[in-house]
Every structure is written in C-alpha cells, then in structure tokens.
Amino acid sequence: MISIDHVTVRLQSRVVLDDLALSLTEHRIGVIGDNGSGKSTFAKLLNGLLLPDHGTVTVDGFDTRSDGKKVRSRVGFLFQNPDNQIVMPTVAEDLALGLKPLRLDGDVLRQRISDTLERFSLSHLADRSAHLLSGGEKQLVALAGVMIAEPDILVCDEPTTLLDRRNAELVMKTIADLPCTVIVVTHHVEHLDSFDRVLVLDKGRISHDGAPDCAIPLYLGPLS
Amino acid sequence: MSAKDTVLVAMFAALTAALGLLPPIPVPFVPVPVTGQTLGIMLSGCVIGARRAAFAMLLLLVLLALGLPLLSGGRGGLGVFVGPSAGYLIAWPLAAYCIGAFVSRFGASIGVLFLANCVGGIGLVYVVGVPIMALVLDLSVGNAALAGSVFLPGDLIKAGVASAVAAAVLRAYPTQKNTQA
Amino acid sequence: MIAGLYLPGDGWIHGLSAPVKLGFMFFTGLTIVVISHVSVMVLLTISVGFIFSVVAGLGFKRLWLSTRPLLIWVLAILLAQLWLVSAEAAVLISLRLVTLVWVATLVTYTTRLSEMSDVLAAMCSVLRPLGVNPERIAFLIALTIRLIPSVFDIVRDVRDVQKARGLERAYIAMFVPALTRLLRESDALSDALTARGFERWGDKR
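Residue numbers (the numbering used here), protein chains in the order written: chain A, 40 to 263; chain B, 492 to 672; chain C, 321 to 525.
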C-alpha cells in the first residue's frame, strides 16, 4: 500500500503538486492529466526518485525519504524512454543489471534471465544489441529489466507515449497482465478501461478520482 | 559515488572521447588542426565539478590504456603513454580538477571560466606536458616549450569556446547540483 | 560500438598472458632507457621490429602505421640534436622513442580488451582497502563504452541542425544544445540506475 500524506512539491518556485492526500491500495491504478499537470512528478514520488517538499510518501510503511533503498526494492519503475532505461549493450546483460543487488550465483542468474526473457517473449533477442531494437521491443526489454527484480508494485511513467499504436497496445497488454500492483501514468486513456481506479490530475491537484467509466468521461468532458 | 556521479563521470569521459572522433575543426591562421579533446577537458571541469571531472579524465586514460582508440585520429593503446605527448595526457585529470576547483571557488562567470580554462586547461597541461616531452625527445625544456607552443593559439581559441559554452550551459540548465565539487 | 585496437592472431605472443606481456613491456622500457650505445640500440630496435612484424605476425604495414605518427617527432629530434649535440645522440634518442612505442603498441595489438580489463580488475582489488570498488569501475568502463556512440550521435545531430541553419562555424551555438541534452540524459539515466537498484549493489545479502 502507498500512502501519500499532505504532499507538496515545488520545482523552482512553481507548485507542481499541491497538498495531495490519498492512499493507493487498488491492484490497477491509472493516472491521467494534461501536460504539466504533475503526472510525472507524481510517478517519481512513488519510489522516492523525487522527495516531497512537504508531507510524506510511504510504501508498505517505509518512508521514501528515510528508507529510499527499501522502497525502491519494492517499487519498480518503467520510464517513458527505454533508451534512457536500458543501460547495458545487450539485452541479456541489461537484464543481469537489474539482478545485481541480489548477488546471485552464475547459474541461478542465467536461469532467471532466460526465464524472464521467455516470460516476455524476448528469448530470441537475448544477445542482440539493445539499442538496435524497435521501439516496442526496447520498451519490453526495459519492462523485463524491471520485472526480473520482482517488485511488488510497478510504476509506469507514460510507457507508451513514444510508441506507435500497435506497439503501445502490446506493451499495455503486457503491463496489464502482470501479477503485481500496477500504477500507470498515461495520456492514452483508452488503455485504462479495465483498471480499478483512475486519478485525474489538474494543476497539481486531484480533480477526479474513481472508477474509469466515471473519471475518464469527466476528464475528457470539457473537450467534447 | 552516487548514481548521478557515476553517470556524469561516464558521460563526460564519453564526450571527450566523442570530440576526438569528430573531424578536426580547421581554424584560420593556426597551423595545426584543432581537435576537440582539450575542449572536452575544459567543459568537464567547468560543468560537472572538480572531482567528477578528474575521474572522467582518469577513466578516459584507463580506456586508452586498455586499448581503445579514443584519441583524435584513432590513436590509443599503451603506445600513447610512452610517446612525446604522454605528459599532456597525464595532465588531463589534474587539469580538469584544477578547472573545477577554480570555478567552484570563484564562481561561474564567463571571465572566471576563461581564466580557469587558461590556467588549468592550458597552463597546467603545458607545465606537465612540456618537461615530459623534453625528457622523451632529450631537448631542453625551453626548446620543448617552443615546439609545444604551436598548439597555443588553438588552445586559446578552445578556452574561449569552452568558457562561452559552459557559461551558457550553466545558465540554461538547473545546475546547483552540477557545479559542486 | 567502439572496438578495441586488438588484432586477432595465433602467434605465441598472442597466447602469452597479459601480465607477462606488461612485465615484458616494463622490462624492455627500462632497458631502452638505460642503453647509451647506438649500436646496441640499433640491434634492439631491429629485434623489436622483427618481433612486432614477424614473430607476432602483425606485418610490416602495421609497424609502419604505428611509426608514422612519430616521424614528425623524429624529425624534430634530428634537427635539434644534429644542430645542438651530435648525430649519434640524435639517432639514439629517435630509436629509443620508436622502439618504446613499438613495444607498447605490440602489447595493445596482441592483447584482448577483456584480458586488459582483468589486469585492471586485479589492480583495483589490490586497492580495495583504499575504497576502490572493482565492480563499480568495471561498470563505469562498460557504461562509458556504451555512451560514446550516443554522445557522438548527439554532437553530430546538433551540428547538422546548426549547419542547416547556416551556423556551421558557430561553435557555441553548436555545443550549448548538445551539452544541455547530455546533462538532461544524464539525469534520466541516473534516475533509471537508481530505480533499478544501483545504490543497493554493494549491500550484503
């Protein structure tokens, strides 16, 4: 469970998130909002990549400020641009990087990598150069690199923004099928229909909060 | 080292290497081609702070010694550490550190940056490089300095460019975190 | 990807371990510096050249290619020494320089990058008590090698954009956007590393 307790974030002098208070317990949570509404900032709060100026964020009782390492071992994070997330030259090497904190032995390590590759249907790409893959493949490699560490919660910051429609569908479907808790920040609202809860951010505040069939029309409303 | 330190060190080592891969920039009235690598040292010192910049240059030297061709013109390997310009290479980490220390001490105005680049990026590099060149070639230090001085006009231009670029970058990018040593 | 200078081969020099070759290099280097007799030096130069091109199988073309960048220096030595001291001293110093560079280049050409990295790792583990972490250094090296092509692309992209605007000589206009982009990417990359557990690498399990 993630609790956000009266959290305010300022960047320079601009208030990006304004006194948010909520707790996230659902299995599938979507976060939507316009550019500049504070979505990405919100995502980065959840694993302590960004610390609030006021208030606290706790994950399973661990404060992101004082227990950042423990929080990040529970919360996996998928970024918008896989080019910035994939660190090592080949796919298998990059997956190994995510396991480094676990200090596994060679055989166990290789087994876990091949299992994970298979789970995400990436086995054929194991020794390929990660940076020569297509956008969709790269995002799946990035996802596999996060999931191999078996986080309890996965936070995704606009995981499909840089992808074409078909690859976006594929990546979102893969994310939706994961067993862990998933929090997705996106502006592709059509992917959130099956989610349990949708938060709408507007100018740093939660403007709507509820089931997708309720929150999404309220967000899209003024446009149509 | 934090993740941020690690990435900046690797990024600026890579930048300095990449600047050597670009074709040399011809500059009017300068007889020797001006390569970008001195620029890399100066930019690192000015932008990422003394300690990280020194590590970045040290890392680049390690990569060269391991056998990667990362000097301009595709040179590299252990040979460059026994040649006449070995001293200039060895001076890179010191120069980057000196520039960074200078900037964090006296501020990042363009004048200070230029002075730092001249003192660290040119002065210090020559102070270390020239005697070693003299030693390898068995010249007097004076004659070696004379030979080394053909690079001076190019280096001064680079100090100017690096200072102007660093000043603009430090303004354009939220940097409180970047300049500390 | 950036490739090392290593040239595959099956001579026995390729088969020697990296520490042996480095030791040989160090020893030869010392000898070269100590020798003060031109005839001995000529002999040594010829033998090193022979080992380089024939025994190690690197060929005379490689030998010439690794000598070429030194010619301007050799010329400088000859001019300066002929004028100042003697022809003998000039030849001695030129041969010293050339031979030293040949020996070092020979080691680089015949030793795989991975073997050199192993030597480095061994050296680093000796320094472990001083706070040097070999694992992190290995990672730094891998990360830098992976970043060089991306950084090169960024610098070239920005240069092309400025060229299209007719600003190809405006170095400042060219480097400012490139550097800003590098810094932004550094932030993204360090966030990704942190999110992927970088800070827990050294922790005990």
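Glycine residues also receive a C-beta, built at the ideal position from the N, C-alpha and C atoms.
Strictly under 8 Å for the Cβ-Cβ distance: is C:L463 near chain A by that measure? yes
Cβ distance (whole Å) where A:A207 is taken to contact A:H227 below 8 Å: 6 Å
Residue environment, A:Q150, which counts as buried when at least 16 other CB atoms sit within 10 Å: exposed
C:E408 CB to nearest chain B CB: under 8 Å? no
On a Cα-Cα basis, can you pick out the residue from A:I68, A:D92, A:L161 that is closest to A:S52? A:D92
Distance check for C:R520 and B:G578, CA to CA, integer angstroms please. 38 Å
Run the CB neighbour count on A:H230, radius 10 Å, all protein chains shown included, and call it buried at 16 or more, exposed below. buried
Helix or strand or just coil, what does DSSP make of A:C195? strand
Between A:N123 and B:A505, what straight-line distance do the alpha-carbon atoms span, to the nearest angstrom? 16 Å
Minimum Cβ-Cβ distance from B:P575 to chain C less than 8 Å: Closer than 8 Å to some Cβ of chain C, the Cβ of B:P575 qualifies, so yes.
Which whole runs of the alpha helix (DSSP H) in the segment 344-422 of chain C are 4 residues long or more, in chain order? 358-370, 379-387, 391-404
Can you have a look at B:Q671 and say buried or exposed, based on whether 16 or more other CB atoms are within 10 angstroms of its CB? For B:Q671, the pLDDT reaches just 37, beneath the cut-off of 50, and the residue's location in the model is therefore unreliable, leaving the point undetermined.
Please check the pair A:V98 and A:V114, which I expect to be a contact at CB under 8 Å, by giving their CB distance rounded to whole angstroms. 6 Å
Report yes or no: is there a C-beta of chain C within less than 8 Å of the C-beta of B:M502? Yes, B:M502 counts as interfacial toward chain C.
Have a look at C:T425 and C:I413 and give me their C-alpha separation to the nearest angstrom. 18 Å
Using CA coordinates, which residue listed in B:V594, B:G591, B:V621 is at the minimum distance from B:L580? Nearest of B:V594, B:G591, B:V621 to B:L580, Cα basis: B:V621.
Using a Cβ-Cβ cutoff of less than 7 Å, which residues in the same chain neighbour A:R167 once the five nearest sequence positions on both sides are dropped? T129, V130
What residues in the segment 335-362 of chain C bring their beta carbon closer than 8 Å to a beta carbon of chain B? If you check each beta-carbon in the segment 335-362 of chain C against every beta-carbon of chain B, the ones closer than 8 Å belong to M345, G349.
How many angstroms separate the CA atom of C:W393 from the CA atom of B:P575? 8 Å
Considering only C-alpha positions, which residue in the set B:Y617, B:F642, B:L643 is nearest to B:V632? B:Y617
Quick one: is B:L510 buried, meaning 16 or more other Cβ sit within 10 Å of its Cβ, or exposed? By the Cβ neighbour-count rule, B:L510 is buried, with 16 or more other Cβ atoms within 10 Å of its own.
Let me check understanding here. Comparing Cα to Cα, which of C:I465, C:K341, C:A498, C:F472 lies closest to C:G324? When each option's Cα is compared against that of C:G324, the closest is C:I465.
Any idea if C:I397 is buried or exposed, counting beta-carbon neighbours within 10 angstroms, 16 or more meaning buried? buried
Could you check what DSSP says for A:D58 in three-state terms: helix, strand or coil? A:D58 falls in the strand class under three-state DSSP.
So, using beta-carbon positions, are B:C537 and B:A657 closer together than 8 Å? yes
Closest to B:G565 by CA distance: which of B:L647, B:L512, B:V500, B:L637 is it? B:L512
Would you tell me roughly how many angstroms separate the C-alpha atoms of C:R525 and C:D480, rounded to the nearest one? For C:R525, the predicted model reports a pLDDT of 48, less than 50, meaning its position is unreliable and no value from the coordinates is stated.
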